[in-house]
Structure formats: structure tokens, C-alpha cells
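Here is the structure we will look at.
Numbering (the numbering used here), first residue to last: 122 to 325.
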């Protein structure tokens, strides 16, 4: 696992490990959603994946240029747009854009609601790839395991999240069959929100 701020350069372009694993997560999510839509036998699969391509592209652009979006003064030196990436709320805003794009298209094009299950499944597996690669340091831990920061043990929040998301995905295929309607979508949304709440005390 890597620190989010670790970077490497490709010519004038500076790429962070956070952005690299975000790209890996996005690619994973795309192929998972495509397969999931096929498995659910949704006829609009190609149209949905076409719009998802634009949604994910926009999310990556927002994540990459978030420092410039939140601090326009950085554009006094245009090279800053290449050097800086990510930052506070960058991931959340990128995901919000992607989901917003898909929701608007789903409403306008009257896509079936169960497509949301495929989107959630792809988002969960994509998040697992990202979280497995990027360390998220939590609060000080009384447990004998975790990440070491200045000889202090802290909660490995990203690993907790990955473990719980694995259980979520496993539970979907244990408790629901393919023709379960929107129940798996509701299950995903409720459990993911519960995980976010459950892990809140461990974050900093």
C-alpha cells in the first residue's frame, strides 16, 4: 500500500499514487458494471456503459484538477494544473459528479431502476481496488495491529472498509437471486451507509 501523496513524474505531468489507484478503480468499476448489466439482462446495457464512460471521465478530470477548482489562484502559474492533484473532498466530489450524471441520464432516458444495482456493485469493487492500494490512516488504535505512524499504532481504516465491502458483495449473492428486483440495490445503499457510519469513529 502507498501513501496518497506519493507522486511520480511523466515529463511535465505529476501523477500521485492516489490518482493512479483511482484510475485502476475506475477501470475495474467500468468492467464490473458492464458484466453486471449483462448478468441482469438489461437491454440498455450499451447505452448505459456509453454514458458511464463520460461520467467516469468527468470524475477523473474533477479529481485531477480539484486543487485548481477550489483554489483558482493556482492558475496564475498554469503548470500548477499539472503538478497538483486530489485533495480534501476531491474523491467525494468526483463520485458525486459520476453518480449525478448517471442519475440524470437514467431519469431522462427512463432506464430501469435495477441498473442502480450494477452501478453500486461496480462502485463497491472499484472502491475496493482503490482502498487496497492507498493507505487511509485513522485514529490512534488500542489494538495490537494497524499502521505505525511515529511509533504509534493507528487504525487501518482502508483495510477495515475493504473487509466490510467484501462481506457486502458476498451477502448480495447469498441472500438474493438474480431476479430479486430492487432489493439488492436497497441492500447495497443501506449497508454502505451503515459501514460509513460505523467507521466514522475510527477516522481522523
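All residues carry an ideal CB built from backbone N, CA and C; glycine is no exception.
Being a predicted model, the structure only gives us computed values, none of them experimental.
State the beta-bridge partners of residue i as determined by DSSP.
| i | result |
| --- | --- |
| residue 172 | In the DSSP output, where bridge partners are listed per residue, residue 172 has none listed. |
Please report the distance separating the alpha-carbon of residue i from that of residue j.
| i | j | result |
| --- | --- | --- |
| residue 235 | residue 169 | 12 Å |
| residue 314 | residue 307 | 11 Å |
| residue 186 | residue 150 | 21 Å |
| residue 268 | residue 123 | 12 Å |
Can you tell me where the alpha helix (DSSP H) holding residue i begins and where it ends?
| i | result |
| --- | --- |
| residue 312 | 304 to 320 |
| residue 195 | Per DSSP, residue 195 belongs to no alpha helix (DSSP H) and is neither H nor E. |
| residue 295 | 278 to 296 |
| residue 270 | Segment 268 to 270 is the beta strand (DSSP E) holding residue 270; no alpha helix (DSSP H) there. |
| residue 237 | 236 to 254 |
| residue 206 | Neither: residue 206 is in no alpha helix (DSSP H) and is coded neither H nor E. |
| residue 325 | Counting along the chain, residue 325 falls outside any alpha helix (DSSP H), and DSSP gives it neither H nor E. |
Let's test the definition: count the other Cβ atoms within 10 Å of the Cβ of residue i and tell me whether it reaches 16, buried, or not, exposed.
| i | result |
| --- | --- |
| residue 217 | exposed |
| residue 126 | exposed |
| residue 137 | buried |
| residue 143 | buried |
| residue 219 | buried |
| residue 272 | exposed |
| residue 305 | buried |
| residue 295 | exposed |
| residue 184 | buried |
| residue 324 | exposed |
From what residue to what residue does the beta strand (DSSP E) around residue i run?
| i | result |
| --- | --- |
| residue 131 | 128 to 131 |
| residue 260 | 258 to 261 |
* Please determine if the segment 211 to 223 and the segment 252 to 271 are in contact, where contact requires at least 3 C-beta pairs separated by less than 8 Å. => Touching, no, given that fewer than three Cβ pairs across the two stretches are closer than 8 Å.
* Asked: Do the segment 231 to 245 and the segment 154 to 169 touch if we need at least three Cβ pairs shorter than 8 Å?
  -> Yes, they touch.
* Does the count of Cβ pairs from the segment 163 to 181 and the segment 222 to 231 closer than 8 Å reach three? -> With the cut-off at 8 Å, the segment 163 to 181 and the segment 222 to 231 touch.
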